[in-house]
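A.B. asks: Before we start, here is the structure in question, set down as structure tokens.
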Amino acid sequence: MAKSAKPKSSSLSRKPDDVHQFWEDQAQAHGGSDLATAPDHHYRTLEISRIVQAISGMPNDTILDVGCGNGYTTLEIAKAFPASEVIGVDYSPKMIEEANKQVIPNVEFFDGDVLSLSRHKEIGVQKFDVVVSTRCLINLPNWDEQKVAILEMRKMLKPDGRLILVENVQEGLDNLNSVRATFGLDPISVRWHNRYLSQVEVGKFMEEIKGHLLTVEYVENIGNSYYLASRVLYAAICKEQGVEPEYDNPINKFAAKLPTMGEFYACSPNFMFILKNEAGNAQPRS
Ligand SMILES: C[S@@+](CC[C@H](N)C(=O)[O-])C[C@H]1O[C@@H](n2cnc3c(N)ncnc32)[C@H](O)[C@@H]1O
Numbered sequence: 032m033a034k035s036a037k038p039k040s041s042s043l044s045r046k047p048d049d050v051h052q053f054w055e056d057q058a059q060a061h062g063g064s065d066l067a068t069a070p071d072h073h074y075r076t077l078e079i080s081r082i083v084q085a086i087s088g089m090p091n092d093t094i095l096d097v098g099c100g101n102g103y104t105t106l107e108i109a110k111a112f113p114a115s116e117v118i119g120v121d122y123s124p125k126m127i128e129e130a131n132k133q134v135i136p137n138v139e140f141f142d143g144d145v146l147s148l149s150r151h152k153e154i155g156v157q158k159f160d161v162v163v164s165t166r167c168l169i170n171l172p173n174w175d176e177q178k179v180a181i182l183e184m185r186k187m188l189k190p191d192g193r194l195i196l197v198e199n200v201q202e203g204l205d206n207l208n209s210v211r212a213t214f215g216l217d218p219i220s221v222r223w224h225n226r227y228l229s230q231v232e233v234g235k236f237m238e239e240i241k242g243h244l245l246t247v248e249y250v251e252n253i254g255n256s257y258y259l260a261s262r263v264l265y266a267a268i269c270k271e272q273g274v275e276p277e278y279d280n281p282i283n284k285f286a287a288k289l290p291t292m293g294e295f296y297a298c299s300p301n302f303m304f305i306l307k308n309e310a311g312n313a314q315p316r317s
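In this text, residue positions in the sequence shown follow the working numbering: the first is 32, and each later residue adds one.
So, in structure tokens, the structure goes:
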């Protein structure tokens, strides 16, 4: 198993404006398709089912999806919880334009930056039972901004609300790559516009804020079985046959139905962290 490594900023020259433009271009190129924000449809189906299951076990009258892109996941959540009031927010106006083309009665979409979420003019603070965010933090350039974003999302929660973060974690990718190496497969690298979270940094921060800001209730390495099937076995078969892997292949389709094997074998980069707001306690615990 690979040891934890500091997340690599895949491009030292990446600029926030370039990342923003990248998402504008993705919306332009893919419209309302799920391909605008993630290329692997079968993984996405699995991820949404895990999010929906998590939300079904908590109060969910009001749900905010931060970094919602073109609203693909937001709309699935809204359909799963038709009695809930669901809001999606993203800093790419073109993504929000696409999201607004879908009309579902219990959803609204707004432009907005996660780094100034609590100052958004139309979305109130402390209004949400659930704030969910999938792969938004990894678009921020460093851990300091990622932490600011987590705390901004917390401000949107009701006193006993839950923050569900579904994010890519460097150690999960490192572990996956070490399994791939045993099959002679090249490592999967982090894309230029992403900075994966570090499990070590997240763990340390969660330890600092537990009991007075946010407390970790649950952690899951989403799709570890899926990634072994898709990114290792299927990838190895493709390599042997001299063909390029395709996301829409039968192994991915069926692997998306495999159960996740728990956190202890984190060979997928995709983690779900469920954090409970601790609004009542103003002072840090000693
Ligand atoms: C990988 S996509 C994920 C979209 C969506 N959550 C999903 O799973 O389909 C990342 C999204 O985060 C948005 N984003 C990146 N930085 C942001 C920021 N500072 N504030 C709000 N949204 C941001 C991008 O515009 C993009 O739509």
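C-beta atoms are modelled at their ideal positions from N, C-alpha and C, and glycine is treated no differently.
Since this is a predicted model, take the numbers as computed values, not measurements.
1) Which whole-angstrom value describes the C-beta separation of phenylalanine 214 and leucine 188, a residue pair presumed to lie in contact below a C-beta threshold of 8 Å?
2) Cα separation between glutamate 129 and serine 64?
3) Compute the Euclidean distance between the alpha carbons of asparagine 308 and valine 156, then round it to the nearest angstrom.
4) Cβ-heavy atom distance between asparagine 319 and ligand 1 below 7 Å?
5) Please state whether the Cβ-Cβ distance between valine 120 and valine 97 is less than 8 Å.
6) To the nearest angstrom, report how far apart asparagine 137 and serine 115 are at their CA atoms.
7) Between the C-alpha atoms of glycine 192 and isoleucine 268, what's the straight-line distance to the nearest angstrom?
8) Just to check, is the beta-carbon of arginine 166 closer than 7 Å to a non-hydrogen atom of ligand 1?
9) Assess, as a yes-or-no matter, whether the segment 192–210 is touched by the segment 136–150 under the definition of 3 or more beta carbon pairs within less than 8 Å.
10) Where does the unbroken alpha helix (DSSP H) through serine 115 begin, and where does it stop?
11) Compute the minimum distance between the beta carbon of tyrosine 122 and the heavy atoms of ligand 1, and state whether it is under 7 Å.
12) I'd like the span of the beta strand (DSSP E) that includes leucine 245, first residue to last.
13) Taking the alpha carbon of lysine 89 as the point to measure from, which residue in Val163, Cys167, Tyr278 and Gly100 has its own alpha carbon closest?
14) So the beta strand (DSSP E) serine 335 belongs to, where does it begin and stop?
15) What's the C-alpha gap between isoleucine 135 and aspartate 92?
16) Quick one: is glutamate 173 buried, meaning 16 or more other Cβ sit within 10 Å of its Cβ, or exposed?
17) In its own chain, which residues sit with a C-beta less than 7 Å from the C-beta of phenylalanine 236, not counting the 5 before and 5 after it?
18) What do you reckon, is the C-beta of cysteine 269 under 7 Å from a heavy atom of ligand 1?
19) Please say whether glycine 203 and asparagine 280 have beta carbons closer to each other than 8 Å?
20) With hydrogens ignored, establish whether the beta-carbon of alanine 69 is closer than 7 Å to any heavy atom of ligand 1.
21) Can you name the start and end residues of the alpha helix (DSSP H) that threonine 213 belongs to?
22) Excluding sequence positions up to five away, which residues of its chain have a Cβ less than 8 Å from the Cβ of leucine 289?
23) Could you check if aspartate 71 is buried or exposed, using at least 16 other CB atoms within 10 Å of its CB as the buried criterion?
24) Count the other C-beta atoms from every protein chain shown that fall within 10 angstroms of the C-beta of tryptophan 54, then say buried if there are 16 or more, exposed otherwise.
25) Could you pull the start and end residues of the alpha helix (DSSP H) that isoleucine 305 belongs to?
26) According to the Cβ coordinates, are tyrosine 74 and alanine 287 closer than 8 Å?
27) CA-CA distance, leucine 146 and valine 274?
28) Which class does arginine 262 belong to by DSSP, given the choice of helix, strand or coil?
29) From serine 229 to phenylalanine 140, what does the alpha carbon distance come to, in whole angstroms?
C.D. replies: So, from the data block:
1) The count along the sequence shown starts at 1 and reaches residue 214 at position 183. The count along the sequence shown starts at 1 and reaches residue 188 at position 157. That belief does not hold up - the Cβ atoms of phenylalanine 214 and leucine 188 are roughly 43 Å apart, past 8 Å.
2) In the sequence shown, residue 129 corresponds to position 98, counting from 1. In the sequence shown, residue 64 corresponds to position 33, counting from 1. The alpha-carbon atoms of glutamate 129 and serine 64 are separated by roughly 9 Å.
3) Within the sequence shown, numbered from 1, the residue matching residue 308 stands at position 277. Within the sequence shown, numbered from 1, the residue matching residue 156 stands at position 125. The alpha-carbon atoms of asparagine 308 and valine 156 are separated by roughly 13 Å.
4) With the chain covering 32 to 317 only, the question about residue 319 has no answer from this structure.
5) Stepping through the sequence shown from its first residue, residue 120 is reached at position 89. Stepping through the sequence shown from its first residue, residue 97 is reached at position 66. Yes. Within cutoff.
6) Translated into positions along the sequence shown, residue 137 becomes position 106. Translated into positions along the sequence shown, residue 115 becomes position 84. Computed Cα separation, rounded: 7 Å.
7) In the sequence shown, the residue the question calls residue 192 occupies position 161. In the sequence shown, the residue the question calls residue 268 occupies position 237. Going from the Cα of glycine 192 to the Cα of isoleucine 268 covers about 45 Å.
8) For the purposes of this step, residue 166 is identified with residue 135 of the sequence shown, where counting begins at 1. Yes - ligand 1 has a heavy atom lying nearer than 7 Å to the Cβ of arginine 166.
9) no
10) The residue labelled residue 115 in the question sits at position 84 within the sequence shown. Where serine 115 is concerned, there is no enclosing alpha helix (DSSP H), given that its DSSP letter is neither H nor E.
11) For the purposes of this step, residue 122 is taken as residue 91 along the sequence shown, with counting starting at 1. Yes, ligand 1 has a heavy atom inside 7 Å of this Cβ.
12) The sequence position of residue 245 within the sequence shown is 214, counting from 1. Where leucine 245 is concerned, the enclosing beta strand (DSSP E) stretches over 245–252.
13) Position 58 of the sequence shown, counted from the first residue, corresponds to residue 89. Looking at the sequence itself, residue 89 is methionine, so the reference to lysine does not match. Here the closest residue by C-alpha is Val163.
14) With the chain running from 32 to 317 in the structure shown, residue 335 is simply not present.
15) By 1-based counting over the sequence shown, the position of residue 135 is 104. By 1-based counting over the sequence shown, the position of residue 92 is 61. Pairing isoleucine 135 with aspartate 92, the inter-Cα distance amounts to about 16 Å.
16) In the sequence shown, residue 173 corresponds to position 142, counting from 1. According to the sequence shown, residue 173 is asparagine rather than glutamate. Within a 10 Å sphere around the beta-carbon of asparagine 173 sit fewer than 16 other beta-carbons, which makes this residue exposed.
17) Stepping through the sequence shown from its first residue, residue 236 is reached at position 205. Excluding sequence neighbours, phenylalanine 236 sits near Lys178.
18) By one-based count along the sequence shown, residue 269 stands at place 238. Flag unset: Cβ of cysteine 269 not near ligand 1.
19) Against the sequence shown, residue 280 aligns to sequence position 249. Against the sequence shown, residue 203 aligns to sequence position 172. Taking 8 Å as the cut-off, the beta carbon of asparagine 280 is found no closer than this to the beta carbon of glycine 203.
20) Residue 69 sits at position 38 when you count from the first residue of the sequence shown. True, at least one ligand heavy atom lies under 7 Å from that Cβ.
21) Within the sequence shown, the letter at position 182 stands for residue 213. Its alpha helix (DSSP H) spans residues 201–213.
22) As a working note, residue 289 is residue 258 in the sequence shown. If we look at leucine 289 and ignore the five residues flanking it on each side, its Cβ neighbours are Ser256, Tyr257 and Ala260.
23) The sequence position of residue 71 within the sequence shown is 40, counting from 1. The residue in question, aspartate 71, is buried, as its Cβ has 16 or more Cβ neighbours within 10 Å.
24) Along the sequence shown, read from residue 1 onward, the residue named residue 54 stands at position 23. Around the beta carbon of tryptophan 54, a 10 Å sphere encloses 16 or more other beta carbons of the protein chains shown; the residue is thus reported as buried.
25) Reading the sequence shown from its first residue, position 274 is the one you call residue 305. It is not in any alpha helix (DSSP H) - isoleucine 305 instead sits in the beta strand (DSSP E) that spans 301–308.
26) By one-based count along the sequence shown, residue 74 stands at place 43. By one-based count along the sequence shown, residue 287 stands at place 256. Yes, the pair counts as a contact, with Cβ atoms nearer than the cut-off.
27) Within the sequence shown, residue 146 is the residue found at index 115, counting from 1. Within the sequence shown, residue 274 is the residue found at index 243, counting from 1. Leucine 146 and valine 274 have their alpha carbons spaced roughly 42 Å apart.
28) On the sequence shown, residue 262 is found 231 positions in, with the first residue counted as 1. Residue state, collapsed to three classes: helix.
29) On the sequence shown, residue 229 is found 198 positions in, with the first residue counted as 1. On the sequence shown, residue 140 is found 109 positions in, with the first residue counted as 1. Rounded to whole angstroms, serine 229 to phenylalanine 140 spans 30 Å at the Cα level.
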